[in-house]
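FYI, in our numbering the residues of the sequence shown are 10 to 431.
Positions of the beta carbon are idealized from the N, C-alpha and C atoms, including for glycine.
All values derive from a computational prediction rather than experimental measurement.
In what follows, a structure is listed as structure tokens, so that the remarks can point back to it.
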Amino acid sequence: MVRTVSERLRQLVSAHPLAVDLAVYLACAVYALILARTNEFYGFRVWGNFATAAYGLAFAHTAWLLATRNREQRAWWRSRWVGVVTIGVVGMLAPLLTLVVRRLTGVDWLITPWSWSAQPEVWVIERSAKLLFENGTPYVDVHALGRLPEVNDYTPYGPVMTVFGMPRALFGDTPFTDARLMFALTAALCVWASLRLLGRPRVPVAAAQLAVAFPLTALTFAVAGPDLAIIGLVVLGTALAAKDHHLPAAAVMALVVSAKLTALPAAVVVAVLIAARLGARALGTATLAFAGVCAVVNLPVLLADPAAFAEHVVRFPAGLGAVDSPATSPFPGYLIASTGELGHVLAIALLAAAALAVSWWLLRRPPVTGADAMFRIAVGLGTSILLTPATRFGYLVYPVALFGAMLCFPRETPDERIVTSS
């Protein structure tokens, strides 16, 4: 199935690459323009203005290429990559740097989304690092605040996520310690390392469009960022497993899950990939490595305050915390759960049924290549996003970016797929 999907995508783009680019950039420009004009968040509007220009320039360049496609020139400015690079510079780096500097005006923690230069997850992660240094736990005891808890009291991430907030906790509020820069740097380093592991394969333009130039990726890059770091680590863990480095792969996936528990399905797929390629013994040692790393990074925080750990990492994301999750979306899971208690139970049942179906598919047709695994991770996380009661539209960045990453993994022949057995 993954080969069929991948091949169809490649065939479509290779048959009409410029026409596809033109349609994609036009749709992206319209989305960015609507966001710039209608969204309540200051950061979203800033990104929308920059992105409208970026996608507009990419559209204009592509239209020029299409109009002059019969010319034989091979100059760099006739490359489809010019549009992608334009989006990267004008639609990602420029708004990020603008918002990082603008944030120094000090509007964090105010209930004024029209003035936020960074989304709350950025402040929350930076606060968690400060709390870890001060109290030995990144989590606030929401039942001992002397007031009713609110959403921003929560840190719905694992202990590893605090690492990204440590520069600000240690060196203060400067443009260079903004957690968004740490997220972006981590994602970039993971992509670089993954491409090296895979033998520096040719990166299709379509892969960059899905993984980088896609509006949700560009928006997240500018205003938040933790999801991009998670995606980068997932890609790195999958690349390690695909090259049969099962212990480093297990360690990376343990860090991913210890940063964001909702990434657990990705770790399961990587485990099945290891088993399919290297057999039961390798899976056993990888499982031990995974458990060991999880224990090292989670146990100290868990033992410091078990109740706070459970409240922030498990109960709040599941919609069972002292404060309801503000996450909303137009997806079935949220819409069904929002109808009432019975709807919430039904949404959980649907999510469980989908998890069983994906698990059955995973075990019946286990991934044996990196592309296979990336496809299954994208489908699994995408299904979870659609059916989870508390989710956001922006989380679609996971399946879309992972589909883009899938296109970068080399296409192996049948004889190259399985390396050894138990």
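For the alpha helix (DSSP H) containing Ser368, list its first residue and its last residue.
Here residue 368 is taken as the residue at index 359 of the sequence shown, counted from 1. It spans Glu350 to Arg373 - the alpha helix (DSSP H) in which Ser368 sits, taken as one unbroken run.
Please report the distance separating the alpha-carbon of Pro309 from that of Pro315.
Numbered from its first residue, the sequence shown carries residue 309 at position 300. Numbered from its first residue, the sequence shown carries residue 315 at position 306. In a straight line, the C-alpha of Pro309 is about 10 Å away from that of Pro315.
Can you tell which of Ala319, Pro168 and Gly57 has its C-alpha closest to the C-alpha of Val305?
For this step, residue 305 is matched to residue 296 along the sequence shown. With distances taken between Cα atoms, Val305 lies closest to Pro168.
Ignoring anything shorter than 4 residues, give me the alpha helix (DSSP H) runs that lie fully in the stretch 119-147, in order along the chain.
129-144
Below 8 Å on the Cβ atoms is my guess for Ala382 versus Val279; work out the distance and round it to an integer in Å.
Taking the first residue of the sequence shown as position 1, residue 382 is located at position 373. Taking the first residue of the sequence shown as position 1, residue 279 is located at position 270. With a Cβ gap of about 6 Å, Ala382 and Val279 count as contacting.
Quick check: the stretch 236-254 against the stretch 84-99, are there 3 or more CB pairs under 8 Å?
no
Inter-residue Cα distance where the pair is Ser338 and Pro398
In the sequence shown, residue 338 corresponds to position 329, counting from 1. In the sequence shown, residue 398 corresponds to position 389, counting from 1. The straight-line gap from Cα to Cα measures roughly 9 Å.
Residues in its own chain within less than 7 Å of Ser430 by CB, not counting five upstream and five downstream?
Along the sequence shown, one-based indexing puts residue 430 at 421. Here the model assigns Ser430 a pLDDT of 40, short of 50, so the residue's position is not dependable, and the following value carries that caveat. Taken in chain order, the residues that qualify are Gly288.
For Glu130 and Leu105, the rounded distance between their alpha carbons
Locating residue 105 in the sequence shown gives position 96, where the first residue counts as 1. Locating residue 130 in the sequence shown gives position 121, where the first residue counts as 1. Their Cα atoms are separated by approximately 15 Å.
Got a sec? Which residues, its chain only, sit under 7 Å from His25 by beta carbon, not counting five neighbours each side?
As a position in the sequence shown, residue 25 is number 16, starting the count at 1. So no residue of the chain qualifies.
So, is Glu350 buried or exposed, given that buried needs 16 or more other C-beta atoms within 10 angstroms?
Walking along the sequence shown from the start, residue 350 turns up at place 341. Exposed, because fewer than 16 other Cβ atoms sit within 10 Å of the Cβ of Glu350.
Looking only at its chain, what residues have a beta carbon closer than 8 Å to the beta carbon of Ala250, apart from the 5 residues adjacent to it on each side?
Position 241 of the sequence shown, counting from 1, holds the residue named residue 250. Ala258, Val279, Leu282, Ile283, Arg286, Gly379 and Ala382.
Please list, in chain order, all residues of the same chain as Ala72 whose beta carbon is under 8 Å from its beta carbon, the five residues on each side excluded.
In the sequence shown, counting from the first residue as 1, residue 72 sits at position 63. Cβ neighbours of Ala72 beyond the five flanking positions: Leu31.
Which two residues bound the contiguous alpha helix (DSSP H) that contains Ala67?
Locating residue 67 in the sequence shown gives position 58, counting from the first residue. Per DSSP, Ala67 belongs to the alpha helix (DSSP H) from Tyr51 to Ala76.
In this structure, how does DSSP classify His255 when only helix, strand and coil are distinguished?
Looking up residue 255 in the sequence shown gives position 246. Correct three-state label for His255: helix.
What three-state label does DSSP hand Asp117 in the structure shown?
Counting from 1 along the sequence shown, the entry for residue 117 is found at position 108. Reduced to three states, the DSSP call for Asp117 is coil.
Are there 16 or more other CB atoms within 10 angstroms of the CB of Ala358, so buried, or fewer, so exposed?
Translated into positions along the sequence shown, residue 358 becomes position 349. Flag for Ala358 reads exposed.
Contact under 8 Å by Cβ, Val214 with Arg89
As a first step, residue 214 is located in the sequence shown; it is residue number 205 there, counting from the start. As a first step, residue 89 is located in the sequence shown; it is residue number 80 there, counting from the start. Cβ distance < 8 Å, so Val214 and Arg89 count as in contact.
Which full runs of the alpha helix (DSSP H) of 4+ residues lie inside the stretch 81-109, going along the chain?
90-97
Assumed close pair Pro147, Thr171 - CB separation to whole angstroms, cut-off 8 Å:
Position 138 of the sequence shown, counted from the start, is the residue given in the question as residue 147. Position 162 of the sequence shown, counted from the start, is the residue given in the question as residue 171. Between Thr171 and Pro147 the Cβ distance is about 5 Å, and since that is below 8 Å, they are a contact.
Three-state class that DSSP yields for Pro176 in the structure shown
Your numbering for residue 176 matches position 167 in the sequence shown. Three-state result, Pro176: helix.
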